[in-house]
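Chains as they are written, first to last, in the numbering used here: chain A, 1 to 585; chain B, 1001 to 1585.
This is the structure:
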């Protein structure tokens, strides 16, 4: 029981030196990748670089205790950083100590929401976000982030919450471009693209092993950071207008609960909910992908608790919202991480960096950080999936297009909310159109099949409808319409049989609809029967008055029903007994 | 085609003298019932009495042209009047000309919304409202209306948008009760209850025919109005503080489009949407009930257009939102209405009343009108359904309780919105838990059944999951979890077969989940197969790359799949050929 909520109790007991060696190696590689990422993602969020480092320490320890994925690398990620900037920037002026404090509050609220969802086992809420909406959201966010970072490449100032505003702002300031900054930025982008595409091949060609070559290739951003910092320092380019990271306070994060301010909390609650859900969905899909490769399992509800405590930890240690990152987790996996302890070791690496490396980052040009962001987020942009969705399903494409348009023209939150609203509409639309079929007898057998697809025997006086799904409020009205339509369209009909072989649940709405159908058919002189009602459904119906009022009968099998109501039409050639196996699905 | 949008073209062509005679008689009886009702419902809406008459003329003509129910009686109804008071009262001070104008605007917006929903065939949106929520809403609204009318019975002033506020306001003013008003109000309530319960029996006892006795019994409110008016006029009770209806302007409604005011329109849009949906749901359920009794059909989408044009008509002729009323429609049906023309004739009756009868209503005491309201709405209160819902389904009861609590403590709109939000949550919850079963072979047959319910043959290396429903975004993640769980839990598993006999649709999310499952199972060394994929589903899958990447095969039948993957476990005793009829559902 305790180990369900503290997964560390399970894997921690059998922790060994061999596991430690693997986890520690993975932690070193992930740390190298995470140092520039944590600075860059803080920049996306509009926060000073040290906040990125803070968000990469305690959350990783919390996840090691509460998380269920052996390879998920928790920390700042691009999309959640963008959402943080959007949420906090709407309330507080970007940059000041109030902004930093509000970002920590946002992490605390996000953490609490995830924790409550996890303890209440409400992870199904994440199903609100369909794949096309997530894909559209990630792609649009990637483009939005890339656009928002262009100001650092050009060395100008530009603002805007949506793509249009950002592009306008860039266009109106483009004349003030700093040429040296632009050269550094462009060179960084070029270098990163080249290392990303060719460094691994090159290293393999010179004889390095596959895994080592892959790991070093992932250090491209670190190499760019070192090179650019050295150049700026050597030529004092900061004096020529190149924006640099500057002083990063040395030391470990400040601990302490952010001050409670009811107004601020309620203003941030909506954004925190979106960050919680999107962060969770992203994280879980990475974790599931990696777990499956080793036939491991993750616990969807416990993941909510793992990410919830991670965000709480980020909030009480001067950080901002975090989640499981895709690229970093893959590197962690490839580097051989075997337990969540790898994450805890990574946090140790970041702590050492925060204590000893920050002075070395003084001359790091912001343009190079922006370049690492642009190259990273452009890999999120997935045009293929947009094209494939268009080919496969126009309604899913519509939801995707609404999400992308929402992000571009109104900002990230509006985009997600519009997409989710569209998802719910689609869900309701689908649920309101249950599949059903009028069935007839396959000649000479006890089988009853769709009259539109099979040559079957039918009767003018007995009609049977098979509902292929549960009966509940979303389709109760359609059920009424279809069954009453059977009576209205064929005046000769005397009996209607509802075949319930695929019905696992009848809710109150559907029960009342069945009662209404029964009454209305009675008024129309038609008897209403049920067949193949499953055991649990029947048990619940017995607790109501429905069966007392039912004008017809409840038959165990469809053949039994149809034979009893019209023996001259529905019969078996040699009067063979009913097969046992057709009475239950 | 034209007659689809103008149903009058269908029934109008064969209109005859005999139909006219029946419709006209029904119209006379409904008119007698509608005169006091229209005044009373205007009072609930906080509008002067003539507005109630206006709302009972043009809307009925519009419905006669566009509606599809032969017996639905459109006009002002209690719940929609309450919602009007709540919506308009929040924006404009009750009573003045601006209030009246805003109520007409509300009707126009409601009409436009219904019209758009109808033309776009979006009637499924009404499924948002489950039966328990509607039942809870109607019951709570009935109690709220009854409480709000108590001030007229007592002759005091009281206000409040929710039950608590109304009761507090009543309590603080109860000392100012006007005794004569109270006597008139109490006597009216008593008279109405008695006529409602016993008048029909009495009339039958003295020899009247069933139908005539029933019709006269429905005139109880009119008799109360006549009697109370006569008493007040005879003793000049208005001079003793009894509030009377007073001057009702004579004549036909003023025609004209309400002035467009973007601010007002957007403030009323949300309320108009709720009124549209609730009015539609109420109206359709009455119309379906009555249509079924005569084996007639109504067209759910065209009903949106019928009610939409009715509300538009109400809005441009000085009225307020209308819908099909339950009690009046039943009277119309019982009185023998045979076509929508009966409604048009009723509007003629109301027009005559507006032209010639209004002076006679001068002394009508408001207490008597309030009494007719209280007696009418208390019949909406349905405690039995609350109890039965509790017994049948705790989750449905929760949705109902939230709706009732919302209406009582926060007002009608909050109540409905909270109920609908709860419905959506329940829908999503259910959709996220699709029924599925691991299946095994019924020994010696080609049938595969749930291993939990049947003694079936299973194999350690081949596992098959049957999904009982469509695969789409709400359950895609659960599908991943279940299938990957099968591989993770049993290391001996080499093949997983997804049995798709109940799958009629696979959306983009589920397709991507299937692709992810296929990839992840491949990583885990497990081959992934499908069986019994339906024709249309297969056609769409062929438009994607999924089948190219699928590690396993797509089998026509479940037996074929299992036999091919583990012939030593799954076979038929005498090698009998596959039965044709098990390959398609």
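Glycine included, each C-beta is placed from N, C-alpha and C at the ideal position.
- The alpha carbon of residue 1368 of chain B has as its nearest neighbour, out of B:1471, B:1163 and B:1222, the alpha carbon of B:1222.
- Within 10 angstroms of the beta-carbon of residue 364 of chain A lie 16 or more other beta-carbons, which makes it buried.
- 7 angstroms or more divides the Cβ of residue 320 of chain A from the Cβ of residue 78 of chain A.
- Rounded to the nearest whole angstrom, the CA to CA distance from residue 1342 of chain B to residue 1022 of chain B is 8 angstroms.
- Flagged as an interface residue toward chain B: residue 427 of chain A, by a C-beta distance shorter than 7 angstroms.
- Between residue 1392 of chain B and chain A, the shortest Cβ-Cβ separation is below 7 angstroms.
- Beta-carbon to beta-carbon, residue 1203 of chain B and residue 1217 of chain B are separated by about 7 angstroms, close enough to satisfy the 8 angstroms threshold.
- Take residue 1109 of chain B, set aside five residues on each side of it, and the residues of its chain with a beta-carbon closer than 7 angstroms to its own are 1265, 1268, 1269 and 1272, in chain order.
- Proximity of residue 124 of chain A to chain B, defined by a Cβ-Cβ separation below 7 angstroms, is satisfied.
- Put simply, the backbone Cα of residue 20 of chain A is about 22 angstroms away from that of residue 324 of chain A.
- Measuring C-alpha to C-alpha distances from residue 333 of chain A to each of A:215, A:572 and A:276 identifies A:215 as the nearest.
- The Cβ of residue 1384 of chain B sits no closer than 7 angstroms to any Cβ of chain A.
- Scanning the segment 1279-1358 of chain B for uninterrupted alpha helix (DSSP H) segments of 4 residues or longer gives 1300-1316, 1326-1334 and 1341-1356, listed from N- to C-terminal end.
- Under the 7 angstroms criterion on CB atoms, residue 1570 of chain B is classed as non-interfacial with respect to chain A.
- Using a Cβ-Cβ cut-off of 7 angstroms, residue 1512 of chain B is close to 131 of chain A, given in chain order.
- Fewer than three Cβ pairs drawn from the segment 81-94 of chain A and the segment 296-306 of chain A lie within less than 8 angstroms of each other, which leaves the two stretches out of contact.
- Taking 7 angstroms as the Cβ-Cβ cut-off, the segment 1277-1311 of chain B approaches chain A at 1288, 1289, 1292, 1293, 1295, 1296, 1297 and 1300, given in chain order.
- Residues of the same chain with a CB within less than 8 angstroms of the CB of residue 443 of chain A, apart from the 5 flanking positions on each side, are 455, 456 and 457 in chain order.
- Chain order gives no chain B residues near residue 536 of chain A, where near means a beta carbon separation below 7 angstroms; the closest approach is about 11 angstroms.
- Looking at the DSSP output, residue 441 of chain A bridges to A:448 and A:457.
- In the three-state scheme derived from DSSP, where H, G and I count as helix and E and B as strand, residue 1245 of chain B is classed as coil.
- In this structure, the alpha-carbon of residue 149 of chain A lies about 8 angstroms from that of residue 371 of chain A.
- Rounded to whole angstroms, residue 522 of chain A and residue 303 of chain A show a C-alpha spacing of 53 angstroms.
- Between the C-alpha atoms of residue 445 of chain A and residue 558 of chain A there is a straight-line separation of about 11 angstroms.
- Rounded to whole angstroms, the Cβ separation of residue 1070 of chain B and residue 1409 of chain B is 41 angstroms, and the two are not in contact under 8 angstroms.
- By the CB criterion at 7 angstroms, residue 315 of chain A and residue 101 of chain A fall outside the cutoff.
- Residue pairing by DSSP places residue 563 of chain A opposite no residue, since no beta bridge is assigned to it.
- Selection A:390, A:26 and A:240 evaluated against residue 212 of chain A yields A:26 as nearest (Cα-Cα).
- Taken atom to atom, the span from the alpha-carbon of residue 1543 of chain B to that of residue 392 of chain A is near 7 angstroms.
- With fewer than 16 other beta carbons inside 10 angstroms of its own, residue 240 of chain A counts as exposed.
- With its beta carbon at least 7 angstroms from every one in chain B, residue 323 of chain A lies outside the interface.
- Taken through DSSP and simplified to helix, strand or coil, residue 1207 of chain B comes out as coil.
- Following the DSSP letters along the chain, one finds residue 1260 of chain B in no alpha helix (DSSP H), marked with neither H nor E.
- Secondary structure remark: continuous alpha helix (DSSP H) runs of at least 4 residues inside the segment 1460-1499 of chain B, in chain order: 1473-1489.
- The Cβ-Cβ distance between residue 509 of chain A and residue 61 of chain A does not fall below 7 angstroms.
- Put simply, the CB of residue 1455 of chain B is far from chain A, with every gap to its CB atoms at 7 angstroms or more.
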